[in-house]
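Here is the structure we will look at.
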Amino acid sequence: MADPPAASGRLTVFASGAIYHIIADGDRQVRRLAFERAKRSCIMSDKIRTLTYGGVLSAVIMLATLLSLPMPSGYGYINFGDGAIFAAASILGPFAAISAAIGSALADLIVGYSLYMPATFLIKGLMGLISGFALRRSRCMPWYMMAVLFLLCEVIMVGGYFVFEWILYGIAAASGQLLFNSLQGIAGIATGLAVVPLARRIRTNALPTDMI
108 MADPPAASGR LTVFASGAIY HIIADGDRQV RRLAFERAKR SCIMSDKIRT LTYGGVLSAV
168 IMLATLLSLP MPSGYGYINF GDGAIFAAAS ILGPFAAISA AIGSALADLI VGYSLYMPAT
228 FLIKGLMGLI SGFALRRSRC MPWYMMAVLF LLCEVIMVGG YFVFEWILYG IAAASGQLLF
288 NSLQGIAGIA TGLAVVPLAR RIRTNALPTD MI
């Protein structure tokens, strides 16, 4: 038979160890739950911040588009909205498609070109999507590569409006707009190259990289 004091001591040690493990497990659970709660809160905060920037950039794109020069034909206008789209793409990545589509379409509505809104929504949204994906994948893209990227986006813009105006007004009127839409593209490329470096600083300081 075991010595009662020894058995009692072993029982005390066992009970103390069990209590320690229970407390340690509970502490780990509490820390894990606190970490998960903090992580969810951080993710939610990042999403809210991204949505806020998206709304602000929609307004910026709209205002930049309203800074416009009417085309002599009366069918459109040359503006600085494309440069703002490229800046938004540098900040938001592909999420800039939403800001580009909404901001540009609202500008069409305000200046009385509501007929162009569906085409603008699709074309400008596609420009924001493509430039956003490219700028997110290459965060240190040199200026000459950005120029090629912006040129591709402007070719999409010119081609998209050409098809739309061909359907709407006929090929003669659409062909007459090619020169002015090309000038719009040149203005967009130049503006984009000027403002994207500043937009990159905003992205670095204001938004988490995994959200864009």
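Adding 107 to a residue's 1-based position in the sequence shown gives its number in the working numbering.
Glycine is no exception: its CB is placed at the ideal position from the N, C-alpha and C atoms.
None of these values were measured; they are calculated from a predicted model.
Item to check | Extent of the continuous beta strand (DSSP E) run through P225 | outcome: Residue range 224-244 is occupied by the alpha helix (DSSP H) that includes P225, with no beta strand (DSSP E) assigned at that position.
Checklist entry - For the stretch 300-309 against the stretch 188-204, are there 3 or more C-beta pairs whose distance is under 8 Å? => result Taking a contact to require three or more Cβ pairs closer than 8 Å, the stretch 300-309 and the stretch 188-204 qualify as touching.
Checklist entry - Exposed or buried, what is A109 when buried is set at 16 or more other beta-carbons lying within 10 Å of its beta-carbon? => result The predicted position of A109 is uncertain, since its pLDDT is 49 and thus under 50; a value taken from the coordinates is nonetheless stated next. Exposed: under 16 other Cβ atoms inside 10 Å.
Next on the checklist: Short of 6 Å in beta carbon distance, which residues of its chain neighbour G190, apart from the five on each side in sequence? Order them along the chain.
Outcome noted: Same-chain partners within the cutoff: G295, T298, G299, V302.
Next on the checklist: Quick check on K154: buried or exposed, where buried means 16 or more other Cβ atoms within 10 Å of its Cβ?
Outcome noted: Exposed, by the Cβ-count rule.
Next on the checklist: Which same chain residues end up closer than 6 Å to A203 when comparing Cβ atoms and leaving out the 5 residues on each side of it in sequence?
Outcome noted: Closer than 6 Å at Cβ, skipping near neighbours: A195, A196, G235, G239.
Checklist entry - Where does the unbroken beta strand (DSSP E) through L176 begin, and where does it stop? => result In the DSSP annotation of this structure, the continuous segment of the beta strand (DSSP E) that includes L176 starts and ends at 175-177.
Next on the checklist: On the CB-based measure, 16 or more other CB atoms within 10 Å of its CB, does V270 come out buried or exposed?
Outcome noted: Exposed.
Item to check | Bridge partners - I185, DSSP secondary structure assignment | outcome: Under DSSP, I185 shares a beta bridge with L176.
Checklist entry - Distance, Cα to Cα, A279 vs E272? => result Spanning the two alpha carbons is a distance of roughly 9 Å.
Next on the checklist: Does Y57 come out as helix, strand or coil in the three-state DSSP assignment?
Outcome noted: The requested residue 57 is not part of the displayed model; the chain covers only 108 to 319.
Checklist entry - Closest to A208 by CA distance: which of R310, G219, G188 is it? => result Closest option to A208, Cα to Cα, is G188.
Next on the checklist: Using only the alpha-carbon positions, how far apart do L242 and M248 sit?
Outcome noted: For L242 and M248, the gap between their C-alpha atoms comes out near 7 Å.
Item to check | Three-way DSSP call (helix, strand, coil) for Y160 in this model | outcome: DSSP places Y160 within a helical segment (H, G or I) once states are collapsed to three.
Item to check | Where the alpha helix (DSSP H) containing G210 begins and where it ends | outcome: Note, G210: alpha helix (DSSP H), 203-218.
Next on the checklist: Rounded to whole angstroms, what is the Cα-Cα separation between R156 and V163?
Outcome noted: Whole-angstrom Cα-Cα distance: 11 Å.
Item to check | Expected contact under 8 Å - CB spacing of I192 and Q291 to nearest Å | outcome: About 12 Å separates the beta carbons of I192 and Q291, which is beyond the 8 Å limit, so they are not a contact pair.
Checklist entry - Rounded to the nearest angstrom, how far is the Cβ of Y268 from that of A226, given a contact under 8 Å? => result For Y268 against A226, the beta-carbon gap comes to about 7 Å, under 8 Å, which counts as contact.
Item to check | Supposed close pair G210, T172 - CB separation, criterion 8 Å | outcome: Yes, G210 and T172 are in contact; Cβ-Cβ is about 7 Å, under 8 Å.
Checklist entry - In whole angstroms, what is the alpha-carbon distance linking I263 and F257? => result About 10 Å.
Checklist entry - Using DSSP with H/G/I as helix, E/B as strand and the rest coil, what is G277? => result The answer is coil: DSSP assigns G277 none of H, G, I, E or B.
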